[in-house]
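S.K.: Note that the protein sequences, when read in sequence, are chains A and B.
Counting from 1, position 271 in the first sequence corresponds to residue 271 in our numbering; the numbering is continuous, with no gaps.
Counting from 1, position 112 in the second sequence corresponds to residue 1112 in our numbering; the numbering is continuous, with no gaps.
Every residue gets a Cβ at the ideal spot worked out from N, C-alpha and C, and that includes glycine.
2 protein chains.
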Amino acid sequence: MRQFEESELTDEVIRSLDETSNPRLKLLLQELVRSLHDYVRRTGLTFEEWEKAIDFLTRTGQKCTPSRQEFILLSDVLGISMLVDAVNHRERDGATETTVLGPFYVGEHKPMPHGADISEGLEGERMYVEARVTDLGGRPLGGVPVDVWHADDDGFYDSQKPGYEEKGPSLRARFVTDGDGRLAFRSILPCSYPIPIDGPVGELILATRRHPMRPAHVHFLVAAPGYEPLITHVFIEGDKYLDSDVVFGVKNELVSKIELRDDPQMPDGRAASGPWHLMTYEFRLKPGHGTAPKPMLASAAE
Amino acid sequence: MRQFEESELTDEVIRSLDETSNPRLKLLLQELVRSLHDYVRRTGLTFEEWEKAIDFLTRTGQKCTPSRQEFILLSDVLGISMLVDAVNHRERDGATETTVLGPFYVGEHKPMPHGADISEGLEGERMYVEARVTDLGGRPLGGVPVDVWHADDDGFYDSQKPGYEEKGPSLRARFVTDGDGRLAFRSILPCSYPIPIDGPVGELILATRRHPMRPAHVHFLVAAPGYEPLITHVFIEGDKYLDSDVVFGVKNELVSKIELRDDPQMPDGRAASGPWHLMTYEFRLKPGHGTAPKPMLASAAE
Chain A
1 MRQFEESELT DEVIRSLDET SNPRLKLLLQ ELVRSLHDYV RRTGLTFEEW EKAIDFLTRT
61 GQKCTPSRQE FILLSDVLGI SMLVDAVNHR ERDGATETTV LGPFYVGEHK PMPHGADISE
121 GLEGERMYVE ARVTDLGGRP LGGVPVDVWH ADDDGFYDSQ KPGYEEKGPS LRARFVTDGD
181 GRLAFRSILP CSYPIPIDGP VGELILATRR HPMRPAHVHF LVAAPGYEPL ITHVFIEGDK
241 YLDSDVVFGV KNELVSKIEL RDDPQMPDGR AASGPWHLMT YEFRLKPGHG TAPKPMLASA
301 AE
Chain B
1001 MRQFEESELT DEVIRSLDET SNPRLKLLLQ ELVRSLHDYV RRTGLTFEEW EKAIDFLTRT
1061 GQKCTPSRQE FILLSDVLGI SMLVDAVNHR ERDGATETTV LGPFYVGEHK PMPHGADISE
1121 GLEGERMYVE ARVTDLGGRP LGGVPVDVWH ADDDGFYDSQ KPGYEEKGPS LRARFVTDGD
1181 GRLAFRSILP CSYPIPIDGP VGELILATRR HPMRPAHVHF LVAAPGYEPL ITHVFIEGDK
1241 YLDSDVVFGV KNELVSKIEL RDDPQMPDGR AASGPWHLMT YEFRLKPGHG TAPKPMLASA
1301 AE
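In structure tokens form, the structure reads like this:
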């Protein structure tokens, strides 16, 4: 057909995708056309608004760098990341709840020994983290790689700070669980922080008059063979942004009471230099499969 | 609210946009969330599929350069550009039909005198174009800037070829109508061509087993004060891709019979070097307002 009435155009575009080899891709693309065309019709999108959307998407892609993923951030603030999480984790069966990966995951971290301090050279209140990885029955899972990462006392991830490429990782490491499923490390207490607002997503946050804050948390990515990869955070109880996380990522079960201690020794027997916080958490994995996410940063995409 | 059931999440995200200052932006964003969330639910989008989408969008943004707009191309091949065109041009009242801007518009062109050859130095069959701009009553509109651009005999636009930045425009110019609404220029006959397939949109075309071809055409952008800007093409009758344009852009009224002539003189009295094609078209503008589109290229977006 050569010329389409407005009402025929959508069907013609959907028909043009009929020969897509992969049936799942065909469904995803045809439903995408249906959704986007319906959106354009329902809103009567103007040419100027379309232009602004093209410009916004272009700048979002161009803001991505080897250490920043602006499209994930966009997905996060529109609640899409948490919805994808929800539709893929409908039955937890007692497994630990999941939440967003976030835009600051940079791929597999450098392994460090138990007890290591991942905050070397940084200011902040001292924290000791003890975690354990088990199956649904509470049986320990040993030899499991656990990537951890979190923001510093000013609310920035290492990859957001100048000189990251040369300095290398900070507040970011991999630990492998021991035979009892345990891992432990030292760090500083993370604080609540704004998502990066110097890009297109920041413009969106400003225009919608939302605050850009996330409550304080530590990211964990636990990937054991034979189990679903667990992408989650542990949030710190009492944070003022727990009820209005800009990426809708908080789940009650993931909020942990952090104990303030003044014992002169930390749990591994080494001396504490003053008061310190103890974070403990047990991660329960669900049998399954899947691979840990690969970082989707601009350099990887080139 | 701290933790959302899957069913509550969409409402919570929509509610978070309630304070958006601009009411139209508020509607556009809230409906976007509704559409995208519905899409994720309807398709049960997996985490791996979400990852691929993020990667695809990132690479699409990063493929944009000062002379290439991959997001417009994506909008074009999904029929979104033509749908935006359709919903904004429901009543033509006899005005010339519109079609896609396409990804090769680079902004206001350099003015050239009537009769100028915009194909200098290029191989191809010779063409003479005569056009006229009028209002709906057929009254000539003088002093109107008309941007024209088209592909070469190999199917490439100037901006797709190496050395474009240094060489400057080719097959691309602005003409201003005379008192009788007329303009005329020399060029070569454009041919049908594939859209650029070396980027993410090309991957999509390949995966969907569509052909990447557009039928031969010349772009016109006519912007007269007091009239709606007219973004259109003139297509060449007989082209084999008129019925399957990869961007769904063909309208019957825009297909023009091109006459092959062997007169020794072209219409402006200058000598022809051999047989030549005559393209004629009359553009009828609708009263209205609006500004001509600005180019949405990566450099402009930085």
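(1) Please name the residue in B:Gly1102, B:Asp1117 and B:Leu1032 whose C-alpha comes closest to that of A:Ser75.
(2) Nearest to B:Lys1240 by CA position, among B:Asp1262, B:Ile1080, B:His1289 and B:Pro1194, is which residue?
(3) Of the residues B:Arg1174, B:Met1266, B:Asp1038 and B:Val1246, which one's Cα is nearest the Cα of B:Met1082?
(4) So, using beta-carbon positions, are B:Thr1280 and B:Glu1130 closer together than 8 Å?
(5) Looking at B:Ser1256 and B:Glu1228, is the spacing between their C-beta atoms short of 8 Å?
(6) Let me know the secondary structure DSSP gives B:Ala1301 once reduced to three states.
(7) What residues match up with B:Val1103 in a beta bridge as DSSP calls it?
(8) Per DSSP, which one or two residues make a beta bridge with B:Ser1021?
(9) Rank A:Pro140, A:Val146, A:Glu253 and A:Arg214 by C-alpha distance to the C-alpha of A:Tyr157 and give the top, closest one.
(10) Cβ closer than 8 Å: which chain B residues qualify as neighbours of A:Met293?
(11) Straight-line CA distance for A:Pro113 to A:Gly79?
(12) Does the beta-carbon of B:Gly1269 have 16 or more other beta-carbons within 10 angstroms, so that it is buried, or is it exposed?
(13) Using the Cα positions of A:Pro169 and A:Val222, report the straight-line distance between them to the nearest angstrom.
(14) Counting contacts by CB-CB distance shorter than 8 Å, is B:Ala1173 in contact with chain A?
(15) Pick helix, strand or coil for B:Leu1305, following the three-state DSSP scheme.
(16) Just to confirm before moving on: does the CB-CB distance between A:Gly124 and A:Asp153 stay below 8 Å?
(17) Does the Cβ of B:Arg1024 have 16 or more other Cβ atoms within 10 Å, making it buried, or fewer, making it exposed?
(18) Please tell me whether B:Ile1188 and B:Met1266 are closer than 8 Å, where the distance is taken between their beta carbons.
(19) Within 10 angstroms of its Cβ, does A:Pro264 collect 16 or more other Cβ (buried), or is it exposed?
(20) Using 8 Å as the limit for Cβ to Cβ distance, is A:Ala86 near chain B?
(21) Looking at the secondary structure, which residues open and close the alpha helix (DSSP H) in which B:Tyr1241 lies?
(22) Below 8 Å on C-beta distance, what does B:Ala1207 contact in chain A?
(23) Which word fits A:His217, buried or exposed, when buried means at least 16 other C-beta atoms lie within 10 angstroms of its C-beta?
(24) Please check the pair B:His1289 and B:Ile1258, which I expect to be a contact at CB under 8 Å, by giving their CB distance rounded to whole angstroms.
(25) Assign A:Ser67 to one of two classes, buried (16 or more other C-beta atoms within 10 Å of its C-beta) or exposed (fewer than that).
(26) Any idea if B:His1211 is buried or exposed, counting beta-carbon neighbours within 10 angstroms, 16 or more meaning buried?
(27) Determine the DSSP secondary structure at A:Pro190, reduced to helix, strand or coil.
(28) Which same chain residues, not among the five before or five after B:Glu1097, have their C-beta less than 6 Å away from its C-beta?
(29) Consult DSSP for B:Thr1065 and reduce its assignment to one of helix, strand or coil.
(30) Within 8 Å of any Cβ in chain B, is that where the Cβ of A:Arg15 sits?
(31) So is B:Glu1070 buried or exposed if we call it buried at 16+ other beta carbons inside 10 Å?
(32) If you draw a straight line from the C-alpha of B:Phe1220 to the C-alpha of B:Asp1085, how long is it?
(33) I'd like to know whether the C-beta of A:Gln160 is nearer than 8 Å to at least one C-beta of chain B.
(34) Which word fits A:Thr58, buried or exposed, when buried means at least 16 other C-beta atoms lie within 10 angstroms of its C-beta?
(35) Can you find a CB in chain B that lies within less than 8 Å of the CB of A:Glu31?
(36) So, with DSSP's three-state summary, where would you put B:His1037?
M.R.: With the given structure in hand:
(1) If you compare the alpha carbons of B:Gly1102, B:Asp1117 and B:Leu1032 with that of A:Ser75, the shortest gap goes to B:Leu1032.
(2) B:Pro1194
(3) B:Val1246
(4) yes
(5) no
(6) Note that B:Ala1301 scores a pLDDT of 36, beneath 50, so its modelled location is shaky; the value from the coordinates is reported in the next line. Look at B:Ala1301 here: in three-state DSSP terms it is helix.
(7) Per the sequence shown, the amino acid found at residue 1103 of chain B is Pro instead of Val. In DSSP, B:Pro1103 forms no bridge with anything.
(8) The partner list for B:Ser1021 (beta bridge, DSSP) is empty, contrary to what the question assumes.
(9) A:Arg214
(10) For the record, residue 293 of chain A in the displayed sequence is Pro; it is not Met. One finds Phe1047 and Glu1051 in chain B with Cβ atoms closer than 8 Å to the Cβ of A:Pro293, taken in chain order.
(11) 36 Å
(12) Around the beta carbon of B:Gly1269, fewer than 16 other beta carbons sit within 10 angstroms, so the residue counts as exposed.
(13) Taking C-alpha positions only, A:Pro169 is separated from A:Val222 by approximately 19 Å.
(14) no
(15) The structure shown does not extend to residue 1305 of chain B, since chain B is modelled only from 1001 through 1302, so no value can be given for it.
(16) Here A:Gly124 is near A:Asp153, since their CB atoms are less than 8 Å apart.
(17) The residue is exposed, with fewer than 16 neighbouring Cβ atoms inside 10 Å.
(18) No, they are not a contact pair.
(19) exposed
(20) yes
(21) If you look at B:Tyr1241, you'll find it isn't in any alpha helix (DSSP H); DSSP assigns it neither H nor E.
(22) Thr20, Ser21, Asn22 and Leu25
(23) Answer is buried; the Cβ neighbour count reaches 16.
(24) Not confirmed; about 33 Å, so no contact.
(25) buried
(26) exposed
(27) Looking at A:Pro190 - three-state DSSP - the assignment turns out to be coil, as it is neither helix nor strand.
(28) Lys1251, Glu1253 and Leu1254
(29) strand
(30) The beta carbon of A:Arg15 does not come within 8 Å of any beta carbon belonging to chain B, so the residue lies off that interface.
(31) buried
(32) 15 Å
(33) Closer than 8 Å: no.
(34) Classification of A:Thr58: buried, given that the 10 Å Cβ count is 16 or more.
(35) yes
(36) helix
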